[in-house]
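*Asks:* In the working numbering, the protein residues as written are 6 to 419.
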């Protein structure tokens, strides 16, 4: 029997790994193939879960060991997370500082570029103002030239009329047999045509040159009517009619005086235009004088030889017409040159305005780009500030949790 007891004890110690629980308290329970341990999960430590049918003391011991293990794991995880958060915060702050420096540098570059563009725009504004001043001056000169050309056109029209009259007079001269009279007539017509200062021999002055004007005659008539009233030999009706007549005569006299003054002013302007025309046409007058001398020579030759001067007169008239046409062509060329100069000035002004608009658009775009970059930098700074705040809150939460775990561990150990 003792041998049987020893054998049973040895067999029991040999199978101790198959038993769970305690020898006292609960009844021993043998693990059977039908109640196996559950397989461990991935990453789960050995003995992470208690056996399926262990006792109360083993379970408490297992729970204390599990708490220590989990607390240590949580502390390690929190420390690693805090270190990672600090590293991330440091790298984020460094990146934010680098981006802020790059953005500030780019903003400074954009500001310098905007200042340079504004300076260029100011220079171009000055050049544009100078060009506009030149254009105004050219326009003023063009207006003066246009007025001068209009006056010259009027003078040319009058010259054409005088030329037509000269042609009619030439036809009348062709029927005249006297060569001296023909030459004198041609000289008088040409001098009248081109406004020469010299008067041909035999030219008769106007008939009404020394006669008083109509306004002066009306003034004399008014004075005579007033003298008639001053005599006092008239009755009331006659006096009233004469006074009414005096009023009408005075009104008519004033009107005629105004018309005569305007006519005198127009004559003065016409005389000034003729003087300017004569000043510009010295060469043409010299040519006319040569033609007159040739006509005189032709007349004297006709006297001597009895030849016909009709052909010479026709040649002279054709030469005068050609000179007029040549001068008119020169005036047209000058007018075209003025128009070209004005068009060129306007084109330059348009180009300057276009360049000014382009420079202004570039400045606006640079300012908008600088504003956008500044807003992006502020938004990035706000995001990084929010991220830093969040990370600091997480770090504080990890630290507080670690302190709580440390306190819990210390209390359990005590």
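Virtual Cβ for every residue (Gly too), placed ideally from N, Cα, C.
1) Going straight from the alpha carbon of residue 1 to that of residue 152, what length do you get?
2) Please report the distance separating the alpha-carbon of residue 70 from that of residue 85.
3) Are at least three pairs of beta-carbons, each pair with one atom in the segment 115-131 and one in the segment 356-370, less than 8 Å apart?
4) Assign residue 115 to buried or exposed, taking buried as 16 or more other Cβ atoms, counted over all protein chains shown, within 10 Å of its Cβ.
5) Look at the Cβ atom of residue 385, then the Cβ atom of residue 104, and state whether they are nearer than 9 Å.
6) Looking at residue 341: is its Cβ nearer than 9 Å to the Cβ of residue 150?
7) Please look up how many angstroms separate the CB atoms of residue 94 and residue 358, rounded, as I've assumed it's under 8 Å.
8) Check this for me: beta carbons of residue 80 and residue 411, under 9 Å apart or not?
9) Would residue 122 be called buried (16 or more neighbouring beta carbons within 10 Å of its own) or exposed?
10) Rounded to a whole number of angstroms, what is the C-alpha to C-alpha distance between residue 139 and residue 119?
11) Buried or exposed, going by whether 16 or more other CB atoms sit within 10 Å of the CB of residue 193?
12) Work out the CA separation of residue 330 and residue 347 for me, nearest whole Å.
13) If we ignore side chains and look at the alpha-carbon of each, how far apart do residue 82 and residue 91 end up?
14) Measuring only the C-alpha atoms, how far is residue 395 from residue 406?
15) Taking all protein chains shown into account, do 16 or more other C-beta atoms lie within 10 angstroms of the C-beta of residue 182, making it buried, or fewer, making it exposed?
16) Using the Cα positions of residue 134 and residue 353, report the straight-line distance between them to the nearest angstrom.
17) Quick check: the Cα distance between residue 408 and residue 401, rounded to an integer number of angstroms?
18) Quick one: measure Cβ to Cβ for residue 222 and residue 234, integer angstroms, because I've assumed they're closer than 8 Å.
19) Return helix, strand or coil for residue 240, following the three-state DSSP convention.
20) Mark residue 334 as exposed unless 16 or more other C-beta atoms lie within 10 angstroms of its C-beta, in which case mark it buried.
21) Which same chain residues end up closer than 7 Å to residue 372 when comparing Cβ atoms and leaving out the 5 residues on each side of it in sequence?
22) Can you tell me whether residue 98 is buried or exposed, with buried defined as 16 or more other CB within 10 angstroms of its CB?
23) Is there at least one Cβ from chain C nearer than 9 Å to residue 402's Cβ?
24) Just mark residue 6 as buried or exposed, buried being the case when its beta carbon has 16 or more other beta carbons within 10 Å.
25) Please list the segments of the beta strand (DSSP E) lying wholly inside the segment 358-392, counting only runs of 3 or more residues, in order along the chain.
26) In terms of alpha-carbon separation, which member of 11, 226 and 112 lies closest to residue 251?
27) For residue 106 and residue 131, what's the separation of their Cα atoms in angstroms?
28) How many angstroms separate the CA atom of residue 8 from the CA atom of residue 413?
29) Note down the Cα distance separating residue 270 from residue 257, rounded to an integer number of angstroms.
30) Expressed to the nearest angstrom, what Euclidean distance is found between the alpha-carbon atoms of residue 77 and residue 87?
31) DSSP three-state call for residue 6: helix, strand or coil?
32) Measuring CA to CA, which of 381, 228, 75 and 68 is closest to residue 112?
33) Do residue 154 and residue 339 have their beta-carbon atoms positioned less than 9 Å apart in this structure?
34) Is residue 157 buried or exposed, if buried means 16 or more other CB atoms sit within 10 Å of its CB?
*Replies:* Straight from the coordinates:
1) A question about residue 1 goes unanswered here, because the residues of the chain that appear run from 6 up to 419.
2) Reading the chain shown from its first residue, position 65 is the one you call residue 70. Reading the chain shown from its first residue, position 80 is the one you call residue 85. Taking the straight line joining both Cα atoms gives about 22 Å.
3) yes
4) The residue given as residue 115 occupies position 110 in the chain shown. Its Cβ being crowded by 16 or more others within 10 Å, residue 115 is buried.
5) Residue numbering aside, residue 385 sits at position 380 when the chain shown is read from its first letter. Residue numbering aside, residue 104 sits at position 99 when the chain shown is read from its first letter. For residue 385 and residue 104, yes; Cβs fall inside 9 Å.
6) Position 336 of the chain shown, counted from the start, is the residue given in the question as residue 341. Position 145 of the chain shown, counted from the start, is the residue given in the question as residue 150. No.
7) Here residue 94 is taken as the residue at index 89 of the chain shown, counted from 1. Here residue 358 is taken as the residue at index 353 of the chain shown, counted from 1. Between residue 358 and residue 94 the Cβ distance is about 55 Å, and since that is not below 8 Å, they are no contact.
8) Translated into positions along the chain shown, residue 80 becomes position 75. Translated into positions along the chain shown, residue 411 becomes position 406. In this structure, residue 411 lies closer than 9 Å to residue 80 by Cβ.
9) What you label residue 122 is simply residue 117 of the chain shown in a count that begins at 1. The residue is buried, with at least 16 neighbouring Cβ atoms inside 10 Å.
10) Sequence index remark: in the chain shown, residue 139 carries index 134 (1-based). Sequence index remark: in the chain shown, residue 119 carries index 114 (1-based). Approximately 30 Å, taken between the alpha carbons.
11) Here residue 193 corresponds to residue number 188 of the chain shown, with the count starting at 1. Interpretation of residue 193 is limited by its pLDDT of 41, a score under 50 that renders its predicted location unreliable; no figure is taken from the coordinates.
12) Position 342 of the chain shown, counting from 1, holds the residue named residue 347. Position 325 of the chain shown, counting from 1, holds the residue named residue 330. In a straight line, the C-alpha of residue 347 is about 26 Å away from that of residue 330.
13) Taking the chain shown and counting its residues from 1, the one referred to as residue 82 is at position 77. Taking the chain shown and counting its residues from 1, the one referred to as residue 91 is at position 86. So the two alpha carbons sit approximately 14 Å from each other.
14) Numbered from 1 along the chain shown, position 390 holds the residue referred to as residue 395. Numbered from 1 along the chain shown, position 401 holds the residue referred to as residue 406. Distance between the alpha carbons of residue 395 and residue 406 is about 16 Å.
15) Looking up residue 182 in the chain shown gives position 177. Bear in mind that the predicted position of residue 182 carries a pLDDT of just 43, short of 50, making it unreliable; the figure below should be weighed with that in mind. The residue is exposed, with fewer than 16 neighbouring Cβ atoms inside 10 Å.
16) Numbered from its first residue, the chain shown carries residue 134 at position 129. Numbered from its first residue, the chain shown carries residue 353 at position 348. Cα-Cα distance, rounded: 12 Å.
17) Looking up residue 408 in the chain shown gives position 403. Looking up residue 401 in the chain shown gives position 396. Between residue 408 and residue 401, the C-alpha separation is close to 10 Å.
18) On the chain shown, residue 222 is found 217 positions in, with the first residue counted as 1. On the chain shown, residue 234 is found 229 positions in, with the first residue counted as 1. 19 Å between Cβ atoms; not a contact.
19) Numbered from 1 along the chain shown, position 235 holds the residue referred to as residue 240. Coil, per DSSP.
20) Sequence index remark: in the chain shown, residue 334 carries index 329 (1-based). Exposed, since its Cβ has fewer than 16 Cβ neighbours within 10 Å.
21) Taking the first residue of the chain shown as 1, we reach residue 372 at position 367. Counting only Cβ-Cβ distances below 7 Å, and skipping sequence neighbours, we find 119.
22) As a first step, residue 98 is located in the chain shown; it is residue number 93 there, counting from the start. Residue 98 is exposed by the Cβ-count criterion.
23) Looking for chain C here will not work: only one protein chain is present.
24) On the chain shown, position 1 is the one that residue 6 refers to. Burial call: exposed.
25) none
26) Numbered from its first residue, the chain shown carries residue 251 at position 246. Minimum Cα distance to residue 251 is reached at 226.
27) On the chain shown, position 101 is the one that residue 106 refers to. On the chain shown, position 126 is the one that residue 131 refers to. Their Cα atoms are separated by approximately 37 Å.
28) Here residue 8 corresponds to residue number 3 of the chain shown, with the count starting at 1. Here residue 413 corresponds to residue number 408 of the chain shown, with the count starting at 1. Answer to the nearest angstrom: the Cα atoms are 53 Å apart.
29) Start at 1 with the first residue of the chain shown, and residue 270 comes out as number 265. Start at 1 with the first residue of the chain shown, and residue 257 comes out as number 252. Computed Cα separation, rounded: 20 Å.
30) Walking along the chain shown from the start, residue 77 turns up at place 72. Walking along the chain shown from the start, residue 87 turns up at place 82. Approximately 15 Å, taken between the alpha carbons.
31) Residue mapping note: residue 6 aligns to position 1 of the chain shown, counting from 1. If DSSP states are grouped into helix, strand and coil, residue 6 belongs with coil.
32) Here residue 112 refers to the residue found at position 107 of the chain shown. Ranking 381, 228, 75 and 68 by Cα distance to residue 112 puts 381 first.
33) Walking along the chain shown from the start, residue 339 turns up at place 334. Walking along the chain shown from the start, residue 154 turns up at place 149. Yes, these two residues count as a Cβ contact at 9 Å.
34) Against the chain shown, residue 157 aligns to sequence position 152. So residue 157 ends up on the buried side.
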